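Chains as they are written, first to last, in the working numbering: chain A, 3 to 500; chain B, 3 to 544.
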């Protein structure tokens, strides 16, 4: 008990003496505002001195127009006054003189007709109400004057008025009001009414430190109390994922490749043995830049790539078609980071073999935007250049990569890409959802790719997880559009990846 | 990507689909998309058009399972009298090649006809590149009189009733009015003459690659014999596609007859003589990391439908994708079973290294986060109407974008202003930064486009001094000396805007955004920005 008392804050101490009274009296006696009193009550509840009871009530109150009408009469009252002055009045004239909006005029006519106070014939309004009826306050008027009222407590005629006014524009509104009361616990009953004087240290100040003597006690704080939120600066969650991916590659001994997002078709397609009539090279799938033509790289390379396509290099037969230089000059937004791998292979120095390289970044496709698609997507890709590399190594690297991403099970199946052979698709097992996620594309570059770029047919292992899906999974995002929405509140509140 | 749906009962006539077998479907290289009591849906990769028909799939998958392995032989009957197709020179500049065949003894029903049409359409779409590379025509033999001539004619002289039309049309009318003609009109655009197949009585059978004649080009369940032609640009592909079609028909009890082709040279079509390719045991084992022996190779290749005799592989005449030894090696790997490979990580040392640019970018981000800025990440494409808001030299536009985002961003200010205007309801102050690519015209570059990494910092509400404090902190911490000179930038307030100079080079700007600009973006709070080209900073860390 003593511990509890020592933990009471000044504000709680202020209301403790009045806890045997109703809420409004506590407010009055303590001299605190309602919010502070409620907060103090909440703290006392945490200390198990009382139990707060919340009660929700629906309250009918005046809305904007209602407040105005209460002062200036309901529009039907004004119209009735006008009609009673004239006994008979043409509709048009009444409309002009009543100074009501179209809507108010229409409603007022309806109300008065329904109450049989007027009649409308041949475009004129006739007064049918008696003097007594005119002077009597309508149920609606009485109702407005009596507001606010709790819905539960409404009498029959008030319910009628409520129904009648509910459909009219902003005359009344129904609000939810929460009323609070509380009940003291056994402990609460022991301290109620007590004027507790405590000589406890509150906030520590330099003076207190300087003058501190042995027996002074500190007030105990409520350690469980909610504190106001603060926010630090943070990386965007897409970049957090990129950094995480990067760390995996670095851990595995890969060196970063970087390069352009805008590429010639030569690097994005031709150097990767993608035939010029391949569907991916159509406007429908890929972003081509308007009005711009790129330049081709060194002639020798272009000649080799051309031969690879037309008649093949080494023992390859090629695609057997006429390769067009102009097609290769078209400028595109890269469709994969594999174009960076092609450039790396071309610029590779002898002492970089064996070598491991990775790229991570944005790619583009001409797509509409919906929950699972976008025109930009993230991809990462690694290549291994090693004279002794083989298909089993490829699977080994993939398995290691998947494990580092946090997936223990890897399933591989045959797949097809124009620039790798053999090719495979890897799926990782999502333990939580109990499904396979197909996220890894991999293969060994074809000789038609490596011979022009490297000069020899060294085996180059390549794999590239598209990682938007993994990223959504990691951040618990269900809609891809969220990735680039940049809602500042969400960016600040989102938890981070380790 | 092509998905095909087979009737489960058709497959189960040949292959028992127990659980183990179903698992093998994907491992055969045809990912299983769906299976229920009635249907099986698989994906067929573009390199295997021979698996599009259920007959082709069964042929391949059965061998994979170890039944009827090796290269399947289909009997081929020599041409009968008048089984002849003459190819005139006039087509050589338009659609230069055709290969043809005749298949008799067919027993068709509605279901089979549907299958044939579907195969034809899927082949058109995939390997046929929407009929550009390959178009296939199938005609009931009893309606036509052999021999056939493939030639070019003036569009006005081409007159026949196309499929699904009730009247005769000329070549030109078909391209202009017939739905199929309109759809494929681009394939004949610009040619003075169009290709046609005509029979011995000069009756037009079809105008490839557009449409057949209603009279001679409709196969029904009473059809017993058909004439098949494939026309297009590349004769090797045409031969393979014809083989896919006729062997599929042979699986429907058809008997395949050869046709005498009178082109520049004479030849017999179809031709099932397999192409041969040399492979070396050493290369196989090296690429796959295995220790297979000759007899293993023989068995594995038989499972993929090949014949094999020491180092020499006979390729099924319907395979379109074998252009190098590695294509065979992949099939050996598939036959071996992708699930049977034991993963291995080789013991080679390489050092991991992040790029210098990445390191600097991450350091800058770290410093700004220390100042409690929030990082944003925006699209590299911006909207057309956003370009007007800030003066710009030459915009870089993409073709046929399916969204409003069409322009490559020239700076990071535009996307940042958009993001701020979408965050009006969120708590202020809003302190943001982004590091990202921007794009500008530069004729010297390979793509005529220069890409740079930029950094933007946007603070709102904030004045010049607050922005300069951030800039100052950043550069001081990075040990970079800079100066600011007054300048004038559209969209910012004159007298409160400076260019940032590093080593006598302008690397960016700092300033307060002009109320006019703020109003354009419906922004209500004062804002200061810094935008810096990071290339200048990269250079200082050499």
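Positions of the beta carbon are idealized from the N, C-alpha and C atoms, including for glycine.
Predicted, not measured: the structure shown is a model, and the values here were computed from it.
Would you mind telling me which residues of chain B sit closer than 9 angstroms to residue i, beta carbon to beta carbon, in chain order?
i                     : result
residue 395 (chain A) : 291, 345, 346, 347, 348
residue 314 (chain A) : 325, 326
residue 309 (chain A) : Correct list: empty, because the minimum Cβ distance to chain B is about 13 angstroms.
For residue i, go through chain A and note every residue whose CB falls closer than 8 angstroms to its CB, in chain order.
i                     : result
residue 407 (chain B) : 377
residue 386 (chain B) : Those do not exist, as residue 386 (chain B) stays about 12 angstroms from chain A at its closest Cβ, beyond 8 angstroms.
residue 404 (chain B) : 368, 369, 370, 377
residue 367 (chain B) : 237, 241
residue 543 (chain B) : Result: empty, since nearest Cβ-Cβ is about 15 angstroms, beyond 8 angstroms.
residue 372 (chain B) : 235
residue 413 (chain B) : By Cβ distance, chain A contributes nothing, its closest Cβ being about 15 angstroms from residue 413 (chain B), past 8 angstroms.
residue 485 (chain B) : Residues of chain A passing the Cβ test: none, with the nearest at roughly 27 angstroms.
Output, in chain order, the set of chain B residues within a Cβ distance shorter than 8 angstroms of residue i.
i                     : result
residue 251 (chain A) : 354
residue 493 (chain A) : 376, 377, 378
residue 415 (chain A) : 28, 29, 31, 33, 340
Starting from residue i, find everything on chain A with Cβ-Cβ shorter than 7 angstroms and list it in chain order.
i                     : result
residue 460 (chain B) : Going along chain A, no residue has its Cβ under 7 angstroms from residue 460 (chain B), so there is no contact; the nearest lies around 11 angstroms.
residue 278 (chain B) : Those within 7 angstroms of residue 278 (chain B) in chain A number zero; the least Cβ separation is about 12 angstroms.
residue 357 (chain B) : 258, 260
Which residues in chain A sit within 9 angstroms of residue i, going by Cβ to Cβ distance?
i                     : result
residue 464 (chain B) : Per Cβ cutoff of 9 angstroms: no residues; residue 464 (chain B) is ~15 angstroms from chain A at best.
residue 268 (chain B) : Neighbours of residue 268 (chain B) on chain A: none; closest Cβ ~22 angstroms, over 9 angstroms.
Does residue i come out as helix, strand or coil in the three-state DSSP assignment?
i                     : result
residue 361 (chain A) : strand
residue 224 (chain B) : coil
residue 131 (chain B) : coil
residue 239 (chain A) : helix
residue 475 (chain B) : helix
residue 416 (chain A) : strand
residue 498 (chain B) : strand
residue 110 (chain A) : helix
residue 86 (chain B)  : strand
residue 313 (chain B) : coil
residue 379 (chain B) : coil
residue 456 (chain A) : helix
residue 211 (chain A) : helix
residue 460 (chain B) : strand
residue 391 (chain A) : coil
Is the closest heavy atom of the ligand MN to the C-beta of residue i under 7 angstroms?
i                     : result
residue 476 (chain A) : As for the ligand MN, it is missing from this structure, which has no ligand bound.
Along chain B, which residues have their Cβ under 7 angstroms away from the Cβ of residue i?
i                     : result
residue 392 (chain A) : 288, 289, 290, 291
Next on the checklist: If the cut-off is 7 angstroms on Cβ atoms, which residues from the segment 307-340 of chain B count as contacting chain A, listed in chain order?
Outcome noted: For the segment 307-340 of chain B, the set of positions with a beta-carbon nearer than 7 angstroms to some beta-carbon of chain A reads 325, 326, 327, 328, 329, 331, 332, 335, 336, 340 in chain order.
Checklist entry - Okay, do the segment 216-236 of chain A and the segment 346-362 of chain B touch, 3+ Cβ pairs below 8 angstroms being the bar? => result Taking a contact to require three or more Cβ pairs closer than 8 angstroms, the segment 216-236 of chain A and the segment 346-362 of chain B do not qualify as touching.
Item to check | Contained alpha helix (DSSP H) runs [length at least 4] in the segment 3-71 of chain B, N- to C-terminal order | outcome: Qualifying alpha helix (DSSP H) stretches, in chain order: 10-14, 21-29, 56-66.
Next on the checklist: Taking beta-carbon pairs under 7 angstroms, can you tell me which members of the segment 284-302 of chain A lie near chain B?
Outcome noted: Residues of the segment 284-302 of chain A that bring their beta carbon within less than 7 angstroms of a beta carbon in chain B comprise 285, 289, 290, 291, 292, 294, 296, 297, in sequence order.
Checklist entry - Going along the chain, which residues of the segment 54-78 of chain A sit with their C-beta nearer than 9 angstroms to a C-beta in chain B? => result The segment 54-78 of chain A vs chain B, Cβ under 9 angstroms: nothing.
Checklist entry - Between the segment 421-436 of chain A and chain B, which residues of the former have CB atoms less than 8 angstroms from a CB of the latter, in chain order? => result Residues passing the 8 angstroms Cβ filter: 423, 424, 425, 426, 427.
Item to check | Stretch pair the segment 356-376 of chain B + the segment 341-348 of chain A: three plus CB contacts closer than 8 angstroms | outcome: Contact between the segment 356-376 of chain B and the segment 341-348 of chain A is absent: fewer than three C-beta pairs spanning the two stretches fall below 8 angstroms.
Checklist entry - Of all the alpha helix (DSSP H) runs that stay within the bounds of the segment 4-50 of chain A, which reach a length of 4 or more residues? => result For the segment 4-50 of chain A, the continuous alpha helix (DSSP H) assignments of 4+ residues that do not extend past its boundaries occur at 4-8, 12-17, 25-32, 36-48, in sequence order.
Item to check | Touch test, the segment 134-141 of chain B against the segment 151-165 of chain B, Cβ-Cβ under 8 angstroms, three pairs minimum | outcome: In short, these stretches do not touch, since the Cβ pair count stays below three.
Checklist entry - In chain order, which continuous runs of the alpha helix (DSSP H) of length 4 or greater are located wholly inside the segment 154-185 of chain B? => result Within the segment 154-185 of chain B, the complete alpha helix (DSSP H) segments at least 4 residues long are 173-179, listed from N- to C-terminus.
Item to check | Proximal residues, the segment 348-369 of chain A versus chain B, C-beta separation under 7 angstroms | outcome: The residues in question are 356, 357, 358, 364, 368, 369.
Checklist entry - Should the segment 63-80 of chain B be regarded as contacting the segment 286-305 of chain B, the criterion being three or more beta carbon pairs within less than 8 angstroms? => result The answer is yes - the segment 286-305 of chain B touches the segment 63-80 of chain B, with three or more Cβ pairs under 8 angstroms.
Checklist entry - Quick one: complete beta strand (DSSP E) runs, 3+ long, within the segment 299-335 of chain A? => result Correct list: 332-335.
Next on the checklist: Can you confirm whether the segment 398-410 of chain A touches the segment 260-280 of chain A when touching is taken to mean that 3 or more C-beta pairs between the two stretches lie within less than 8 angstroms?
Outcome noted: Here the segment 260-280 of chain A does not lie against the segment 398-410 of chain A, with fewer than 3 beta-carbon pairs under 8 angstroms apart.
Item to check | Cβ-based contacts, 8 angstroms cut-off: residues of the segment 442-461 of chain A near chain B | outcome: Listed by position along the chain: 446, 448, 449, 450, 461.
Checklist entry - When you check each C-beta in the segment 205-234 of chain A against every C-beta of chain B, which residues fall closer than 9 angstroms? => result Using a CB distance below 9 angstroms, the part of the segment 205-234 of chain A facing chain B consists of 233, 234, ordered along the chain.
Next on the checklist: Closer than 7 angstroms between beta carbons: that is the criterion. Which residues of the segment 255-278 of chain A meet it against chain B?
Outcome noted: Those residues of the segment 255-278 of chain A that come within reach of chain B (Cβ to Cβ, closer than 7 angstroms) are 255, 256, 257, 258, 260, 262, 263, 264, 265, 266.
Next on the checklist: Within 8 angstroms, do at least three Cβ pairs link the segment 407-420 of chain B to the segment 466-480 of chain B?
Outcome noted: Cβ pair count under 8 angstroms is below three, so no.
Next on the checklist: Please list, in chain order, the residues of the segment 36-56 of chain B that have any C-beta partner in chain A closer than 7 angstroms.
Outcome noted: Correct list: 47, 48, 49.
Next on the checklist: If the cut-off is 7 angstroms on Cβ atoms, which residues from the segment 226-253 of chain B count as contacting chain A, listed in chain order?
Outcome noted: Answer set for the segment 226-253 of chain B: 236, 238.
Item to check | Cβ contact check for the segment 314-329 of chain A and the segment 364-372 of chain A: 3 or more pairs under 8 angstroms | outcome: Verdict: no, contact absent.
Checklist entry - Listed in chain order, which residues of the segment 332-349 of chain A have Cβ atoms closer than 7 angstroms to some Cβ of chain B? => result Residues of the segment 332-349 of chain A whose Cβ lies closer than 7 angstroms to any Cβ of chain B, in chain order: 333, 335.
Checklist entry - What are the complete beta strand (DSSP E) segments, minimum 3 residues, inside the segment 426-489 of chain A? => result 437-447, 462-467, all fully within the segment 426-489 of chain A.
Next on the checklist: For the pair the segment 42-52 of chain A and the segment 182-198 of chain A, tell me if three or more CB-CB distances fall below 8 angstroms.
Outcome noted: The segment 42-52 of chain A vs the segment 182-198 of chain A: in contact.
Checklist entry - When Cβ atoms are compared, which residues of the segment 188-201 of chain B fall closer than 7 angstroms to chain A? => result Answer set for the segment 188-201 of chain B: empty.
Checklist entry - At a cut of 8 angstroms, does the segment 485-492 of chain A reach the segment 424-438 of chain B through at least three beta carbon pairs? => result With contact defined as three or more Cβ pairs closer than 8 angstroms, the segment 485-492 of chain A and the segment 424-438 of chain B are in contact.
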